[in-house]
Amino acid sequence: MLVINYDSNITQNTYDSLKASDILTYLRHEDKVAIKPNLVNSNPASDGATTHPEVVEGIILFLKEYGVKDISIIESSAIGISTKRSFKNCGYENLSHKYQIPLYDLKNDEVVTRKHSGLTLDLCKKALDTDFLINVPVLKSHCQTRMTCNLKNLKGCIPDDEKRRYHSLGLHKPIAALNELMKTSYCVVDGICGDLSFEEGGTPVTSNRIIVGQNPVTVDSFCAELIGYRPDDIAHLKLAREIGIGEYFSSTTKLIELNPDNKPLNKAAGNRMAERYQRFINDDSACSVCYSSLIYALYRFGGNINKKLYIGQGYQGKTLDGLGIGNCASGCSKYVPGCPPKAVDIINLFY
Numbered sequence: 005m006l007v008i009n010y011d012s013n014i015t016q017n018t019y020d021s022l023k024a025s026d027i028l029t030y031l032r033h034e035d036k037v038a039i040k041p042n043l044v045n046s047n048p049a050s051d052g053a054t055t056h057p058e059v060v061e062g063i064i065l066f067l068k069e070y071g072v073k074d075i076s077i078i079e080s081s082a083i084g085i086s087t088k089r090s091f092k093n094c095g096y097e098n099l100s101h102k103y104q105i106p107l108y109d110l111k112n113d114e115v116v117t118r119k120h121s122g123l124t125l126d127l128c129k130k131a132l133d134t135d136f137l138i139n140v141p142v143l144k145s146h147c148q149t150r151m152t153c154n155l156k157n158l159k160g161c162i163p164d165d166e167k168r169r170y171h172s173l174g175l176h177k178p179i180a181a182l183n184e185l186m187k188t189s190y191c192v193v194d195g196i197c198g199d200l201s202f203e204e205g206g207t208p209v210t211s212n213r214i215i216v217g218q219n220p221v222t223v224d225s226f227c228a229e230l231i232g233y234r235p236d237d238i239a240h241l242k243l244a245r246e247i248g249i250g251e252y253f254s255s256t257t258k259l260i261e262l263n264p265d266n267k268p269l270n271k272a273a274g275n276r277m278a279e280r281y282q283r284f285i286n287d288d289s290a291c292s293v294c295y296s297s298l299i300y301a302l303y304r305f306g307g308n309i310n311k312k313l314y315i316g317q318g319y320q321g322k323t324l325d326g327l328g329i330g331n332c333a334s335g336c337s338k339y340v341p342g343c344p345p346k347a348v349d350i351i352n353l354f355y
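Listed below in structure tokens is the structure:
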């Protein structure tokens, strides 16, 4: 089961997503819960690289209402980046004071060694000792692994020396093994404005969506298609499925969509990356979540489009000679259905 919720009120969006989900099937009141955001650097979430503190606030409100008392936030920022600075600059110190939630810098944590698939891996003890690990990544691109989401976000639960060594091991195999050794209990994906091209931010694309679900392979495979990849395009995702961590999202997976009417009108046009593709796009009142799918698809495609692209509510009921993006542009000579359509399906329309 997955829930996807569209709303620019990030805290309420997150709370409502969890309320509609099946998280209480797995969570107990007495659990020690650790929340693991993505604070790869100390830049604000609006840059597209770090988890919005409002997302974590929505999780905290949900947990407290349910009666969970032992809640913590854990993280280890990228090599050379101070986690404490990230906690402060990204709004997590304020969150900690507001709700009396402790922050744990895993750079200072004890190390536990485990073996899996012929690999010997070092893990942070605090992340292993929790009863219920809530993984809160940003849905964004990555220059080496194409996409980073739940599976890769657990790299913030290993020592810095181990982060370096993962690269020498090829990244994908140790990431998959890590997710078998350190189980994600629930996934809450920050899909508000993930970066289009680089894991450290700078080219965010506004989507205003939260995606939640229990299994990281199922959730990551769904998210991969949202930004223009087939699940098998992400090597660590394919490996994680092969070793039995979970199954890909499919037509049999229950999907709940909340607040489809809240899909905001396009706010991505001012983005530097989006501006690069505006010459191809005829936009009439497009929702940002639909527009962002198109921008991801154009970026992945990388070439010129020799037909006009139509997107937006203003094209409903119109017959047009060109390529339609989404249900609103179904009157085009060719169109990709969806509200919003997946970027990976839009790419197929270009060929």
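For what it's worth, this note's numbering labels the leading residue of the sequence shown as 5, then goes sequentially. Note that CB positions come from ideal geometry on N, CA and C, so glycine has one too.
Original post:
Name the DSSP beta bridge partners of Tyr190, please?
Top reply: According to DSSP, which records beta bridges pairwise, Tyr190 is partnered with Ile138.
**OP:** Would you please state the rounded distance, in angstroms, between the beta carbons of Val193 and Cys161? I believe it to be under 8 Å.
**Re:** Incorrect: roughly 17 Å between the Cβ atoms, too far for contact.
Original post:
Got a sec, what are the start and stop residues for the alpha helix (DSSP H) Arg118 sits in?
Top reply: Looking at the DSSP string, Arg118 is not in any alpha helix (DSSP H); the run it does join, the beta strand (DSSP E), is 115-120.
Subject >> Cut-off 7 Å between Cβ atoms - residues of its own chain near Asp11, not counting five sequence neighbours on either side >> reply: Cβ neighbours of Asp11 within its own chain (closer than 7 Å, five residues either side excluded): Asn17, Asn212, Asn263, Asn266.
Subject >> Beta-carbon separation (whole angstroms), Gly62 vs Leu143, contact threshold 8 Å >> reply: Contact between Gly62 and Leu143 is ruled out by a C-beta separation of about 16 Å, above the 8 Å threshold.
Subject >> Range covered by the beta strand (DSSP E) that runs through Glu79 >> reply: For Glu79, the enclosing beta strand (DSSP E) starts and ends at 74-79.
Original post:
How about Val7 and Ser21: do their beta carbons lie closer than 8 Å?
Top reply: Result yes, Cβ atoms of Val7 and Ser21 sit closer than 8 Å.
Original post:
With distances taken between CB atoms, is the gap from Tyr339 to Gly321 smaller than 8 Å?
Top reply: Going by beta carbons, Tyr339 and Gly321 fall outside the 8 Å limit.
Original post:
Residue range of the beta strand (DSSP E) that Gly326 falls in?
Top reply: For Gly326, the enclosing beta strand (DSSP E) stretches over residues 324-329.
Original post:
From this set, Glu203, Lys23, Lys40, Tyr319, which residue's C-alpha is nearest Leu65's C-alpha?
Top reply: The candidate whose alpha carbon is nearest that of Leu65 is Lys23.
**OP:** Just mark Thr207 as buried or exposed, buried being the case when its beta carbon has 16 or more other beta carbons within 10 Å.
**Re:** Label assigned to Thr207: buried.
Original post:
Where does the unbroken alpha helix (DSSP H) through Glu58 begin, and where does it stop?
Top reply: Where Glu58 is concerned, the enclosing alpha helix (DSSP H) stretches over 57-70.
Original post:
What is the residue span of the alpha helix (DSSP H) that Ile14 lies within?
Top reply: 14-24 is the extent of the alpha helix (DSSP H) around Ile14.
Original post:
So is Ser254 buried or exposed if we call it buried at 16+ other beta carbons inside 10 Å?
Top reply: Exposed is the label assigned to Ser254, since fewer than 16 other Cβ atoms lie within 10 Å of its Cβ.
**OP:** Assuming Asp35 and Gln218 form a contact by the criterion Cβ under 8 Å, report the distance between their Cβ atoms to the nearest whole angstrom.
**Re:** Rounded to the nearest angstrom, the Cβ distance from Asp35 to Gln218 is 14 Å, too far for a contact under 8 Å.
Original post:
With a CB to CB cut of under 8 Å and the five nearest residues on each side skipped, what residues in its chain are close to Thr87?
Top reply: Excluding the 5 residues flanking it on each side, Thr87 has same chain C-beta neighbours closer than 8 Å at Leu43, Glu79, Ser80, Ser81, Asp109, Leu110, Lys111, in chain order.
Original post:
Within this structure, are the beta carbons of Tyr300 and Ile249 separated by less than 8 Å?
Top reply: Not closer than 8 Å, so no.
Subject >> C-beta contact flag for Pro106 and Ser76 at 8 Å >> reply: Yes, these two residues count as a Cβ contact at 8 Å.
Subject >> Nearest candidate by alpha-carbon position, reference Lys1, set Thr117, Glu58, Ser145, Ala131 >> reply: Since the first residue shown for the chain is 5 and the last is 355, residue 1 is missing from the structure and cannot be characterised.
Original post:
Taking the alpha-carbon positions, what's the Ile138 to Asn310 distance?
Top reply: Ile138 and Asn310: Cα-Cα distance of roughly 44 Å.
Original post:
Under three-state DSSP, which class holds Val221?
Top reply: Looking at Val221 - three-state DSSP - the assignment turns out to be helix.
Subject >> Spatial neighbours of Lys177 in its chain, beta-carbon cut-off 8 Å, leaving aside the 5 residues before and after >> reply: Contacts found: Ser121, Leu123, His240, Leu243.
**OP:** Would you kindly report the start and end of the unbroken alpha helix (DSSP H) that includes Tyr103?
**Re:** For Tyr103, the uninterrupted alpha helix (DSSP H) segment begins and ends at 96-103.
Subject >> Alpha-carbon to alpha-carbon, Ser297 and Asp51 >> reply: Taking the straight line joining both Cα atoms gives about 18 Å.
**OP:** Return the Cβ separation of Gly316 and Ser334 in integer angstroms, given the expectation that the two are a contact with Cβ distance under 8 Å.
**Re:** At roughly 12 Å, the Cβ-Cβ gap does not stay under 8 Å, so Gly316 and Ser334 are not in contact.
Subject >> Given Met5 as reference, the closest of Arg89, Lys312, Pro220, Ile285 once Cα atoms are compared >> reply: Comparing Cα-Cα distances from Met5 to each of Arg89, Lys312, Pro220, Ile285, the minimum goes to Pro220.
**OP:** State the DSSP-derived secondary structure class of Val340, mapped to helix, strand or coil.
**Re:** Strand.
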